[in-house]
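If you read the sequence shown in numbering that gives the first Met the number 0, its first letter stands for residue 0, the second for the next number, and so on.
As structure tokens, the structure follows; a few thoughts come after it.
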Amino acid sequence: MKNALPPYIAAKVKDLAKTNDYDEELEKEVAAKLASACHGNYLWVDIVCASLRNEETWYAIEHLDDVSRTNVLDDSLYNYYMLSTFERHPRRDREFCRTLLSTMALMNDALPMDELDALVYLDKRVNLMSIIKKCSAFLIMDNRRVSFVHRSAKAYIRERVLDNAQVSGIHSELAQKCMDYVWQTLKTKRAVRPGLANKECLP
0 MKNALPPYIA AKVKDLAKTN DYDEELEKEV AAKLASACHG NYLWVDIVCA
50 SLRNEETWYA IEHLDDVSRT NVLDDSLYNY YMLSTFERHP RRDREFCRTL
100 LSTMALMNDA LPMDELDALV YLDKRVNLMS IIKKCSAFLI MDNRRVSFVH
150 RSAKAYIRER VLDNAQVSGI HSELAQKCMD YVWQTLKTKR AVRPGLANKE
200 CLP
């Protein structure tokens with residue numbers, strides 16, 4: 000498995016280089032720093048690369064230097080990104096991130112974007128995708144379905160972010176939002192379609 004790590008890192012960084020416009024020198028430096036700091040941990044590489052995807056290119060090396068002494072096993076990497084999420088984001092973004100992560104922590108499985116949007120409903124002018132990106136150390140999106148990067152990330156959020164005294168209330172609120180979403184979906188599906196406008200439809 001250890002022999003597979005260098006090509007794994009190389010593939011990850013090559014993907015970053017394409018999406019974030021790394022030059023050849025930066026690509027090599029990022030790969031070298033990932034290899035020296037990850038301690039053979041694939042999850043550490045995944046989490047850091049997911050965060051680098053949403054980091055400005057000119058801050059990539061500084062970002063890697065900041066996380067170089069962290070580890071997934073002792074939660075120090077999650078602690079670093081939690082500080083980034085809740086202390087460094089401006090204005091109400093911290094509140095939005097907390098709502099998003101708390102909601103996801105109570106879900107049993109990945110959620111499609113439209114369902115997640117209905118459950119968190121941050122604000123009509125807030126772009127959910129932007130908030131997901133701010134939580135990229137904890138959440139990933141695949142085929143427009145959002146989930147935690149790893150079960151350890153979910154466990155961390157349940158322990159450090161969720162207020163146990165409020166879980167029951169949050170569950171009730173989410174249940175109501177689920178019913179509202181289902182009702183709105185059913186109403187949309189039962190709307191009169193082209194060609195049926197003159198036919199009698201069920202109420």
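Glycine residues also receive a C-beta, built at the ideal position from the N, C-alpha and C atoms.
Bear in mind that the values here come from a model prediction, so they are computed numbers and not experimental data.
Does the separation of the CB atoms of Ser135 and Ser67 fall below 8 Å? no
Straight-line gap, Lys123 to Ile130 (C-alpha atoms, nearest Å): 13 Å
Distance check for Leu121 and Lys11, CA to CA, integer angstroms please. 32 Å
Hey, how far is the Cα of Pro5 from the Cα of Asp113? 37 Å
Can you find the residues in the same chain that come closer than 6 Å, C-beta to C-beta, to Asn53, ignoring five residues on each side of it along the sequence? Lys132, Ser135
So, is Trp43 buried or exposed, given that buried needs 16 or more other C-beta atoms within 10 angstroms? buried
For Met128, does the three-state DSSP call read helix, strand or coil? helix
Using a Cβ-Cβ cutoff of less than 7 Å, which residues in the same chain neighbour Asp111 once the five nearest sequence positions on both sides are dropped? For clarity, residue 111 is Pro in the given sequence; the question names Asp instead. Taken in chain order, the residues that qualify are Arg143, Arg144.
So within the stretch 87-126, which uninterrupted alpha helix (DSSP H) runs reach at least 4 residues, ignoring any that extend past its ends? 92-104, 112-119
The beta strand (DSSP E) spanning Val145 covers which residue range? 144-147
For Leu161, three-class secondary structure by DSSP: coil
Cβ-based neighbour list, Asp20, same chain, cut-off 7 Å, excluding 5 preceding and 5 following: Thr56
Rounded C-beta distance between Met81 and Arg159? I'm assuming under 8 Å. 7 Å
What residue range is occupied by the uninterrupted alpha helix (DSSP H) comprising Leu33? 23-36
Short of 7 Å in beta carbon distance, which residues of its chain neighbour Met140, apart from the five on each side in sequence? Order them along the chain. Ile131
Among Glu26, Tyr7, Leu105, which has the Cα closest to the Cα of Ile225? Limits of the chain in this structure are 0 at one end and 202 at the other, which puts residue 225 out of reach.
Rounded straight-line distance, which links the Cα of Leu99 to that of Cys48: 21 Å
Contacts around Asp45, its chain only, beta-carbon distance under 7 Å, and the 5 residues preceding and following it disregarded: Val148
Check whether the Cβ atoms of Leu127 and Leu115 lie closer than 8 Å to each other. yes
So what's Asp65 in DSSP terms, helix, strand or just coil? helix
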